[in-house]
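To start, the structure under review is shown below, and the notes come after it.
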Amino acid sequence: MRAIAVVPGRPDTAGVVEVGEPPLSDGALLVRTRLIGICGTDREIAIDGYGIPPPGEGRLVLGHESLGEVLDAPDGSGFARGDLLAGVVRRPDPLPCAACAADEWDMCQTGDFVELGIKEHHGYGSERFRVDPRFAVRLDPALGELGVLLEPTSVVAKALEHAQQLGARAWFQPRVALITGAGPIGLLAAMLARQRGLETHVVDRATSGAKPGLVTDLGAIYHSTPVAELQIRPDIVVECTGVSGVAIDAIHRAAPGAVIALTGISHSQRVAEARLDALNAEIVLGNKVVFGTVNAARRHHDQAAHALARADPSWLARLITRRLRADEWPAALEKSRGDIKVVVDMTASD
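See the structure below:
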């Protein structure tokens with residue numbers, strides 16, 4: 003069967019390869035892959051060499067953002083033929099550490115976890131895959147192909163949950179949220195913030211295209227001005243750009259007692275100048291919390307599924323701006339003007 007794969011760090015090897023049927027050891031559910039989402043992590047794997055293939059292999063099958071349809075499910079699995087699902091990306095370390103043993107594998111203490119399509123395990127980007135029901139998230143059938151957005155939504159569900167929990171260390175009644183960046187993560191963060199009733203502001207450099215309208219249609223406020231020039235004091239910040247200067251400005255702009263979630267990282271070699279003493283004073287004197295977050299636990303995937311089911315499907319559909327066949331997937335490594343979310347249709351013929 004076909005799979006989308008690459009040798010990490012060698013984009014010239016990106017293409018379609020033939021692989022064997024998924025082994026039963028991967029899980030009891032046999033799933034037909036429908037869509038695979040491509041994101042910045044996939045580009046970093048292909049171009050920058052970020053990913054790690056399974057031991058003894060040179061290529062890595064991509065596809066950590068998945069949508070599939072169950073072909074076969076054993077009795078008692080909780081799934082049935084025809085169910086739509088998305089697969090969880092991370093698997094706990096084999097020890098397991100205390101966090102993984104508590105099903106908090108996103109907070110793994112050893113780093114010995116594997117991540118499908120990223121670290122030491124092939125992803126979901128083949129025509130069929132198997133998955134353990136524990137790591138499969140059933141989707142509302144009404145979502146259809148929009149279920150491919152589950153994995154990025156789970157990341158921001160975790161960010162907002164942790165922000166709320168950290169804020170609850172003392173009096174905390176968040177009213178205003180600031181989202182920096184209007185890519186898929188930023189837009190989905192804005193959607194979840196609005197579902198929570200927060201006055202939501204989104205900052206991005208784009209002054210035209212789909213992004214301003216997508217933000218406005220959520221009932222949020224779009225800004226193309228620098229964060230430092232905003233006239234708001236957000237209680238929660240979700241930083242999605244990975245740009246250090248943007249993160250620093252957001253920390254300064256945040257209200258006293260604010261919680262700032264950093265979800266983005268940058269592999270740029272840019273050098274930024276910052277007054278660290280002033281930044282330290284801002285955090286200390288303002289009782290602010292800055293934390294980093296990556297991946298998501300099972301409950302965050304379930305929260306994401308619920309949030310997507312509540313969302314306007316016509317709005318979600320506008321996030322998917324480019325659709326490719328499997329043989330065309332290397333084109334996703336080059337961002338096109340207006341791209342938000344690029345997906346690969348694993349069911350389409352060449």
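Start counting at 1 in the sequence shown, then tack on 2, and there's your number in this note's numbering. Where is the CB? At the ideal position from N, CA and C, for every residue including glycine.
Cα atoms of Ile285 and Arg61: separation of roughly 44 Å, rounded to the nearest angstrom. In this chain, His124 is not harboured by any alpha helix (DSSP H), its DSSP state being neither H nor E. Ala88 is positioned such that its CB atom lies no closer than 9 Å to that of Glu129.
Only exposed fits Leu26, as fewer than 16 other CB atoms lie within 10 angstroms of its CB.
Secondary structure in the segment 83 to 152: the alpha helix (DSSP H) runs of 4 residues or longer, each lying completely within the stretch, are 100 to 103 in chain order. If you ignore the 5 residues before and after Thr202, its C-beta comes within less than 6 Å of the C-beta of Ala179, Ala192, Ala195, Arg196, Ala222, all in its own chain and listed in chain order. Scanning its chain for C-beta atoms nearer than 6 Å, with the 5 sequence neighbours on each side dropped, one finds around Val91 the residues His66, Glu117, Leu118, in chain order. By alpha-carbon distance to Gly259, the top candidate from Val345, Thr349, Asp237 is Asp237.
For secondary structure counted as the alpha helix (DSSP H) over 4 or more consecutive residues, the segment 277 to 341 holds these complete runs in sequence order: 278 to 287, 300 to 312, 315 to 319. Taking Ser79 as reference, the option from Gly29, Gly58, Arg93, Ala16 with the minimal CA-CA separation is Gly29. The three-state reading of DSSP puts Asp74 in strand, counting E and B together.
Apart from the 5 residues on each side of it in sequence, Asn289 sits with its Cβ closer than 7 Å to the Cβ of Pro258, Gly259 in its chain, given in chain order. Rounded to the nearest whole angstrom, the C-alpha separation of Gln166 and Val239 is 11 Å. Counting along the chain, the unbroken beta strand (DSSP E) around Ile38 starts and ends at 31 to 40. Burial of Pro186 is indicated by the presence of at least 16 other C-beta atoms within 10 angstroms of its C-beta.
With a cut-off of 8 Å on Cβ pairs, the segment 147 to 163 is in contact with the segment 287 to 306, counting three or more such pairs.
In the DSSP assignment, Val205 forms a beta bridge with Thr182, His225. Annotated three-state conformation of Ile267 is coil, per DSSP. The DSSP-derived three-state label of Ser79 is coil. For Ser351, the secondary structure class from DSSP, reduced to helix, strand or coil, is coil. In this structure, Asp347 and Leu321 do not form a Cβ contact; the two beta carbons are roughly 16 Å apart against a cut-off of 8 Å. Arg4 sits in a strand when the DSSP states are folded into three classes.
Nearest in C-alpha terms to Leu69, of all of Gly199, Gly125, Asp251, Ile253, is Gly125. Nearest Cα to Ile38 within the set Ala5, Glu59, His308, Glu46: Ala5. Ala48 and Thr112 have their alpha carbons spaced roughly 26 Å apart. In the DSSP annotation of this structure, Pro13 is not part of any alpha helix (DSSP H); the continuous beta strand (DSSP E) holding it starts and ends at 12 to 20.
As the crow flies, the alpha-carbon of Ala172 is around 22 Å from that of Leu281.
Annotation: the continuous alpha helix (DSSP H) that includes Ile250 extends over 246 to 255.
Of the residues assessed, Thr243 falls on the buried side of the cut-off, its CB having 16 or more other CB atoms within 10 angstroms. Measuring C-alpha to C-alpha distances from Ala138 to each of Gly294, Leu220, Leu31, Ala263 identifies Leu31 as the nearest. It is roughly 30 Å from the alpha-carbon of Asp105 to the alpha-carbon of Val8. Of Ile267, Asp85, Asp108, Gln233, the smallest CA-CA separation from Gly183 is found for Ile267.
DSSP places Pro214 inside the alpha helix (DSSP H), whose first and last residues are 212 to 219.
Distances from the alpha-carbon of Arg34 to those of Gly22, Pro94, Leu86, Lys337 put Leu86 closest.
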